[in-house]
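Asker: Residue numbers (the numbering used here): 12 to 197.
Quick one: the structure is below, questions incoming.
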């Protein structure tokens, strides 16, 4: 075999391998214990033990933040409910074990907490702008929009998002005039 065809074969092989290795795709967490579905405390403990947050526990935790209740159904039913509420993007394609990046998490948290400020967020709804808005509001920390989020960091973001929601819902108590005390009129 002459060097020229061998060189072409080698170049084609390298090109094919680089296409396979560099193609965008869903990165998955190695198989672990099942995600707890019937207890908030067990779910939070599970999340805290994870190196990186994955789609199913993230969705379950955000459902708790959104409704205050644990979702005991399966992941597919949870995704449908969250799609209908606009918390996950239409056509959500993340399998339960897919790693969640900061942009995706930013989108989900912003929708859950009803944060919609910023022109780019309003026009395009892109997750990276949502994540930047969370950083601005000190709900998340600045670490780039496309890296993955650890379980512990996710719990911190979740806690600050809950605090944001509580503070936003606070309203000043109106002072009520009751009039004079009975028996002291004069």
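Every residue gets a Cβ at the ideal spot worked out from N, C-alpha and C, and that includes glycine.
On the criterion of 16 or more Cβ atoms from any shown chain inside 10 Å, does residue 34 qualify as buried, or is it exposed?
Answerer: Summary for residue 34: the model assigns pLDDT 36, below 50, so the residue's position carries little reliability, and this model does not support an answer.
Asker: Going by C-alpha distance, which of 114, 59, 53 and 64 is nearest residue 212?
Answerer: The requested residue 212 is not part of the displayed model; the chain covers only 12 to 197.
Asker: Should the region 93–106 be regarded as contacting the region 56–63, the criterion being three or more beta carbon pairs within less than 8 angstroms?
Answerer: Result no; under three Cβ-Cβ pairs closer than 8 angstroms.
Asker: Among the residues of its own chain, which have a CB less than 8 angstroms from the CB of residue 146, if the five just before and after it don't count?
Answerer: Answer for residue 146: 152 and 153, listed in chain order.
Asker: If you draw a straight line from the alpha carbon of residue 162 to that of residue 111, how long is it in whole angstroms?
Answerer: Going by the C-alpha atoms only, they are around 10 angstroms apart.
Asker: Given a threshold of 16 other Cβ atoms within 10 Å of its Cβ, counted over all protein chains shown, does residue 178 qualify as buried or as exposed?
Answerer: Per the 10 Å Cβ criterion, exposed.
Asker: Please return the same chain residues whose Cβ sits closer than 6 angstroms to the Cβ of residue 244, not counting the five positions on each side in sequence.
Answerer: Not covered by the structure: residue 244. The range shown for the chain is 12 to 197.
Asker: Residue 82 lies in the alpha helix (DSSP H); which residues open and close that run?
Answerer: Note, residue 82: premise wrong, no alpha helix (DSSP H); not H, not E.
Asker: Should residue 114 be labelled buried (16 or more other beta-carbon atoms within 10 Å of its own) or exposed?
Answerer: When all chains shown are included, residue 114 counts as buried.
Asker: Under 8 angstroms between the Cβ atoms of residue 98 and residue 123?
Answerer: The answer is yes: Cβ separation under 8 angstroms.
Asker: Any idea what DSSP makes of residue 112, helix, strand or coil?
Answerer: Here residue 112 sits in strand by DSSP.
Asker: Expressed to the nearest angstrom, what Euclidean distance is found between the alpha-carbon atoms of residue 96 and residue 77?
Answerer: Their Cα atoms are separated by approximately 10 angstroms.
Asker: Could you tell me the alpha carbon to alpha carbon distance between residue 142 and residue 149, rounded to whole angstroms?
Answerer: Going by the C-alpha atoms only, they are around 10 angstroms apart.
Asker: Quick check: residue 90 and residue 71, are their CB atoms within less than 8 angstroms of each other?
Answerer: No; because the gap between Cβ atoms is not below 8 angstroms, this pair is not in contact.
Asker: Helix, strand or coil: which one does DSSP assign to residue 159?
Answerer: DSSP places residue 159 in strand when its eight states are reduced to three.
Asker: Quickly, what does DSSP pair residue 65 with across the bridge? List them, please.
Answerer: Residue 65 is bridged to 110.
Asker: Assuming residue 8 contacts residue 165 under a Cβ cut-off of 8 angstroms, what Cβ separation, rounded to an integer in Å, is found between them?
Answerer: Given a span of 12 to 197 for the chain in the structure shown, any question on residue 8 remains unanswerable.
Asker: By Cβ distance, which residues of its chain are closer than 8 angstroms to residue 63, with the 5 residues on each side in sequence left out?
Answerer: These residues qualify, in order along the chain: 40, 110, 111, 159, 160, 161 and 162.
Asker: Determine the extent of the alpha helix (DSSP H) in which residue 145 is found, giving its start and end residues.
Answerer: 138–147 is the extent of the alpha helix (DSSP H) around residue 145.
Asker: Measuring only the C-alpha atoms, how far is residue 61 from residue 74?
Answerer: Looking at the two C-alpha atoms, the distance is approximately 19 angstroms.
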